[in-house]
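Below is one structure; the comments refer to it alone.
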Amino acid sequence: MAKMNLLQAINNALITAMTDDERVMVFGEDVGHFGGVFRATSNLQEKFGRGRCFNTPLTEQGIIGFANGLASQGSVPVAEIQFGDYIFPAFDQIVNETAKWRYRSGGQFSCGTLTIRTPYGGGIAGGHYHSQSPEAYFAHTPGLKIVIPRNPYQAKGLLLASIRDDNPVLFMEPKRLYRASVGEVPEEDYELPLGKAEVVSEGSDITLLAWGAQMEIIEKAAEMAQNDGISCEIIDLRSILPWDVETVCASVMKTGRLLINHEAPLTGGFASEVAATVQERCFLHLESPITRVCGLDTPYPLAHEKEYMPDHLKTYEAIKRCVNF
Amino acid sequence: MAKMNLLQAINNALITAMTDDERVMVFGEDVGHFGGVFRATSNLQEKFGRGRCFNTPLTEQGIIGFANGLASQGSVPVAEIQFGDYIFPAFDQIVNETAKWRYRSGGQFSCGTLTIRTPYGGGIAGGHYHSQSPEAYFAHTPGLKIVIPRNPYQAKGLLLASIRDDNPVLFMEPKRLYRASVGEVPEEDYELPLGKAEVVSEGSDITLLAWGAQMEIIEKAAEMAQNDGISCEIIDLRSILPWDVETVCASVMKTGRLLINHEAPLTGGFASEVAATVQERCFLHLESPITRVCGLDTPYPLAHEKEYMPDHLKTYEAIKRCVNF
Amino acid sequence: MKDRNHLSRVNVSHSATIIENGLIDIPMLQLLQADGTPHKDATLPDIDKETALKMYNTMQYVRVLDERMIAAQRQGRISFYLACTGEEASTVGSAAALQDVDMIMSQYREQGTLAYRGYTTEQFMNQMFSNEKEPNKGRQMPIHYGAKELNFMTISSPLGTQIPQASGYAYGQKMAGQEAITICYFGEGAASEGDFHAGLNMAAVLNCPVIFFCRNNGYAISTPAEEQFAGDGIASRGLGYGIKTIRVDGNDIMAVYAATQQARKIALAENCPVLIEAMTYRLAAHSTSDDPTGYRSKDEEEKWREKDPIRRFASWLQQQGWLDEAADQAHVEQTRQEVLTELKRVEKVPVCVIDEIIEDVYDTPPWHLQEQLRELKAHISKYPDAYPKTSGRINNG
Amino acid sequence: MKDRNHLSRVNVSHSATIIENGLIDIPMLQLLQADGTPHKDATLPDIDKETALKMYNTMQYVRVLDERMIAAQRQGRISFYLACTGEEASTVGSAAALQDVDMIMSQYREQGTLAYRGYTTEQFMNQMFSNEKEPNKGRQMPIHYGAKELNFMTISSPLGTQIPQASGYAYGQKMAGQEAITICYFGEGAASEGDFHAGLNMAAVLNCPVIFFCRNNGYAISTPAEEQFAGDGIASRGLGYGIKTIRVDGNDIMAVYAATQQARKIALAENCPVLIEAMTYRLAAHSTSDDPTGYRSKDEEEKWREKDPIRRFASWLQQQGWLDEAADQAHVEQTRQEVLTELKRVEKVPVCVIDEIIEDVYDTPPWHLQEQLRELKAHISKYPDAYPKTSGRINNG
Ligand SMILES: Cc1ncc(C[n+]2csc(CCOP(=O)(O)OP(=O)(O)O)c2C)c(N)n1
Ligand SMILES: Cc1ncc(C[n+]2csc(CCOP(=O)(O)OP(=O)(O)O)c2C)c(N)n1
Ligand SMILES: [Mg+2]
Ligand SMILES: [Mg+2]
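Chains as they are written, first to last, in my numbering: chain A, 13 to 337; chain B, 13 to 337; chain C, 13 to 409; chain D, 13 to 409.
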């Protein structure tokens, strides 16, 4: 075990994967010599050579197009998109190509070895274009997996599992936790399961569901609620696609209430999918409407960032509204 | 009044708009001399000149980038993307630029005059890449409007309203109705409201909601259900963003049940947003879970197209399950 | 850290020089004249009779296949087809210059390449009928071929996407130490996509052994090349990327063969991309959904029909004494028969069982897809007449 | 229908010619030598003392602004800054060659252009502090300037997006019959984006009066130009698009001024795009979030510091007898003061009231945004301490 922040855990996972399998290659804008603008890929070029860790030209559609071809050839690309906000030029390559490659070829070819890493989320005074949480844009795409860790331990285990999983994975890193989240991380190789949510703490009155950096928020809200005598069950979804309907529904069957929190705008956010599914499967167990505490339906504003965010106070208020419905 | 098919209604709307306002310009791949691969822009170049109706090079990101700039200058671009499946290279220009232009500039500049037309949907043996229904990918984007007509009359009135609305509109045309749907269309200028659903027929037992080509499907299913003595209220959503929560909720308050049908895959489709919102606002009125009848969570398959589609039979069965819950 | 100097190659001038069209003149390699006679100063590539005849026969094969399949589409037997007619020299000539280990990533009009690799009539028919014998499992429209054993990547409709993919594939081949390259085909229309720019630039910077083969056939559906770009074709872009570039007469199979051989040699030896622009013409409609009379004249088509690549090569072969006219006729006739027979046989082959609808989305179907399949099968069993293609073979086990 | 012939410009050759790097040599226009003396054979553009001094003073202004704002960021007074240092000649020289009616679409490192247009220190400060006086309403990070009255389009972070947008804007200007062009700035890094390709090609084909101004400053954050492209800079791409192209010494303001004047004239007269590549160097860190010691040497930076564009222009002005050193010093000092004073004043200006959070998403806020605002305001009123920037001015009316 060693104390690492989330960035160090990512870096450690990449070293582990590259040491273990020489087909693993890491690339993207500034990831080479410099080690990435957040330094997640520090020292990889030194350790593994320019062939396996390199800068690309500044083109996200090119990075993912290149990565798709490389994956279909049998290499194991780990491509970085510098900010989640800049993943959209690669949308076609991800949604029409990466995700459909195996299906359209009847399983003859696939991009299963591909992992796309990208930092996402707000709370860092990044405004419009350094704050978005684009997971829901991808969650409508059969063939993709989407994974989001909440702390360094999860980050290493989930990233290693993502790299080795034989399906393309979009691995989204909560950037406001990069240095803020510090914890014990095993130095050895380990994997955490994809597609499985984690019940972080048990409770009986309401289920709180989130992922990534918003886990801190719901935990804080749960503490406040506890002072009011409300017992919250807290779940980290971890995988957005495919997502763990079973664990979430089992919890809601027990608590009778569900609150989902995410940073992305409310409308069409992934909370809508969770709510739609859970109301169908747990209809007779629900004691109050499923509540979504999310970003506003506006672009991400800089000066009003604090107000925009679905923070612990908004969550706490929503918990009370749910329980007192 | 004249009998027109959906394509002719679109063409008629474009002629009306271009005659009315000389700032209107129509462009895209093959839309010029040839009049588009579906012939929606037939004769426009002849009538209005090459300056106002023209072919572009084959680049969707370029078409929308160009259209964004043109809109911000004060012209009124109506850009065509040849197939909805090929809109993804323009995803960044639409989601990060078109939609955020006004907000990021504090209202100094905007793309409000832009309309993007694109054919969408399956049922034409188009397989993977000529069948997708990508509305939900865009519905998570504040700043955009999304509009889908179900017949020629709607098409003309909604397209004219979209072109003249001072917000960017993604206007999606159900291509399997292009020639199949024929109806009376006024020859004069008229607009239908954006953001408003239409109650197509009233009923008391369950609300059926769809848009575009799927309207036929739910109408057919409603007929079958009527033979079983089930009375369906049928709503055409027409605008996906912003959508008419009021009309839908008023109907569900009355019927106590809701079924939503769309062609796109279930997970993360727009039905999830509708279900999430309605269960929250109509919680105490719901007599059965809100049901989604949608495409499978797979890419769009050619040989199994019939099986993939959320057709009238699947809808009919789901209506019965709902009512007998 | 070494000092970098991005000006090191730059010369200074003291009056503004405008770089513009016409500054360089990119010639087009042509070895055979219209009548099949080699140009006097031309050196033909080494080629033996067997290879030459295989090339010729493949051209003829594809021409016949195109004719038959267009007819089959008109008869309503298949939903869609897209012909290579007029571009047989570009596709077959380049294929002949490759090795079987080379990966082919094509656009959609390259059935000549595929036929040269050994794709059989039965395979063509299986694909066109989207049946269960087709390795792509009938999931895509006709003409979206794919054959792993032939190193032919399954075709995808979105244009240009294969270009950066080919750079990545080639990079992987290099890293794996293979003596192999990737060839990437695309039209001059697709070359307008952003992916073209990304793919060529990345290949140049990352030293990928890939041949970018552009078929400049004058049209992208109805859009003529003059409304597609304002520069000197696609070749003139190679210079901007620092990519070695050859322009070739795409209707002269000897020139295509020679250029592609040379390109392959350079790509492998120098670990770098090479761009080939083949100047040709799409003699057929864009596809069976298209009617070119709406945008070009018969006259123009006629001028190009006179440059028929098959006829030119036939003349050369005759000059070598290698072409037996009777055998040629017999081959054409036999191909016609074969296509017809296979077509009739294959159109009876059923589509995949419904269980396949959820396969290959992921490596194994997750629970939600299994659930969706279970429900679907129950539904089909309830309404078998509504789903005739699959209801006969439902296995609810 | 007229016959089209996409081969009409093409010459035939009978042996393969490989087009490659070095085939053309794109020179760089330089008028002033390092010491400010004009090259002997150079013709300087007509320029009067007033314009020359305005250019010089703007360069100095931006240099001082950059220094002050970097310091302010270090002190934690603003969150972010990005300097133009080293590139003042490129940005100011090009701005000076334009007319006020011309639209400027910039990347983010062009504060020289903006200052030349007349953006005031107060406006700079308002933007940097994201306050309610800022026309963009504080919604974007520092340096994302925008000023409608100055025809300066609000900056957007995603790189390259403004390139096809500029083509569209210019097309609109032409259709509206305006005597105006659009200038579009971008870095050599952004030129790798697919949007670059789309934008330049469309401008060439659709005859858009736009100047594409590439600042090739050697780096995209840490990525050196040699890992960005393998061709001869960005200028060599102009040829591929059939776009008239000029390469210029970006540290020689006279050369930049002359080239941009000429480009504007061509763009307007011929309704066509012109590409300018300005060879320069980013002397500062990429931004206040960056530390260049991780990827380049002090030595290399030093070499470029010697080519300081301000010093070169100062020497020339001195040679004309136009530069009064005392006045210059006073101007620098006064700018420092002004920036400091405005900074202190403006940092007290509040951000917009919370009602603005839902404005400008659409032309008017739809009901769901109004509902979200109502709930938000009620929430802020309940927890005023948690939202100190806005709670003091909640109006629940
Ligand atoms: C991204 C994308 N946009 C549009 C289309 C529709 N489309 C199919 S083929 C075609 C023309 C392609 O022309 P070109 O690349 O020159 O190839 P050719 O047909 O001439 O061989 C178009 C526009 C597509 N398949 N993909
Ligand atoms: C689409 C996109 N990708 C990545 C980034 C992150 N980013 C910001 S600036 C920059 C480097 C730009 O380099 P260049 O275009 O050369 O401009 P310079 O900073 O040198 O002026 C990068 C990668 C971005 N803003 N947008
Ligand atoms: Mg073509
Ligand atoms: Mg740069």
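Quick reminder that beta carbons are idealized off the backbone N, C-alpha and C, glycines included.
First and last residue of the beta strand (DSSP E) that includes residue i?
i	result
residue 46 of chain B	Neither: residue 46 of chain B is in no beta strand (DSSP E) and is coded neither H nor E.
residue 305 of chain D	Run containing residue 305 of chain D: none; DSSP gives neither H nor E here.
residue 260 of chain D	256-261
residue 244 of chain A	244-248
Indicate whether at least one CB of chain A lies closer than 7 Å to the CB of residue i.
i	result
residue 280 of chain B	yes
residue 216 of chain C	no
residue 122 of chain B	no
residue 378 of chain C	yes
residue 140 of chain B	yes
residue 295 of chain B	yes
Contact criterion: CB-CB distance below 7 Å. Does residue i meet it with respect to chain C?
i	result
residue 316 of chain B	yes
residue 305 of chain D	no
residue 73 of chain B	yes
residue 319 of chain B	yes
residue 63 of chain B	no
residue 59 of chain D	no
Might you give, ordered along the chain, the residues of its own chain that have their beta carbon closer than 6 Å to the beta carbon of residue i, omitting 5 neighbours on each side?
i	result
residue 10 of chain A	Outside the displayed range of chain A (13 to 337) lies residue 10 of chain A, so it cannot be described from this structure.
residue 140 of chain C	90 and 154
residue 222 of chain A	230 and 273
Under the assumption that residue i contacts residue j (Cβ atoms under 8 Å), give the Cβ distance between them as a whole number of angstroms.
i	j	result
residue 335 of chain D	residue 326 of chain D	6 Å
residue 42 of chain A	residue 235 of chain D	6 Å
residue 128 of chain A	residue 167 of chain A	Actually they do not touch by this definition, with Cβ atoms about 15 Å apart.
residue 88 of chain B	residue 125 of chain B	4 Å
residue 237 of chain A	residue 331 of chain A	5 Å
Quick one: what's got a C-beta closer than 7 Å to residue i's C-beta in the same chain, skipping five residues either side?
i	result
residue 109 of chain C	269, 272, 273 and 276
residue 354 of chain D	133, 134 and 137
residue 366 of chain C	388, 389, 392, 402 and 406
residue 183 of chain C	218 and 220
residue 253 of chain D	212, 213 and 216
Provide the residue span of the alpha helix (DSSP H) that contains residue i, from first to last.
i	result
residue 65 of chain B	Not the alpha helix (DSSP H): residue 65 of chain B falls in the beta strand (DSSP E), residues 65-67.
residue 107 of chain A	No alpha helix (DSSP H) holds residue 107 of chain A; DSSP gives it neither H nor E.
residue 228 of chain C	Unbroken run through residue 228 of chain C is the beta strand (DSSP E), 222-228; no alpha helix (DSSP H).
Quick check: is the beta carbon of residue i nearer than 7 Å to any beta carbon in chain B?
i	result
residue 310 of chain A	yes
residue 328 of chain A	no
residue 14 of chain D	no
residue 181 of chain D	yes
Looking only at its own chain, which residues have a Cβ that is under 8 Å from the Cβ of residue i, when we skip the five neighbours before and after it?
i	result
residue 277 of chain B	306, 307, 308, 309 and 310
residue 370 of chain D	377, 381, 382, 384 and 385
residue 228 of chain C	199, 200, 237, 245, 246, 262, 289, 290, 291 and 292
residue 201 of chain B	28, 32 and 172
residue 352 of chain C	80
Report yes or no: is there a C-beta of chain D within less than 7 Å of the C-beta of residue i?
i	result
residue 73 of chain C	no
residue 60 of chain B	no
If you measure from each residue's Cβ to the nearest non-hydrogen atom of ligand 4, which ones come out under 7 Å, in chain order? Matched residues: D:199, D:200, D:201, D:227, D:228, D:229, D:230, D:231, D:232 and D:294.
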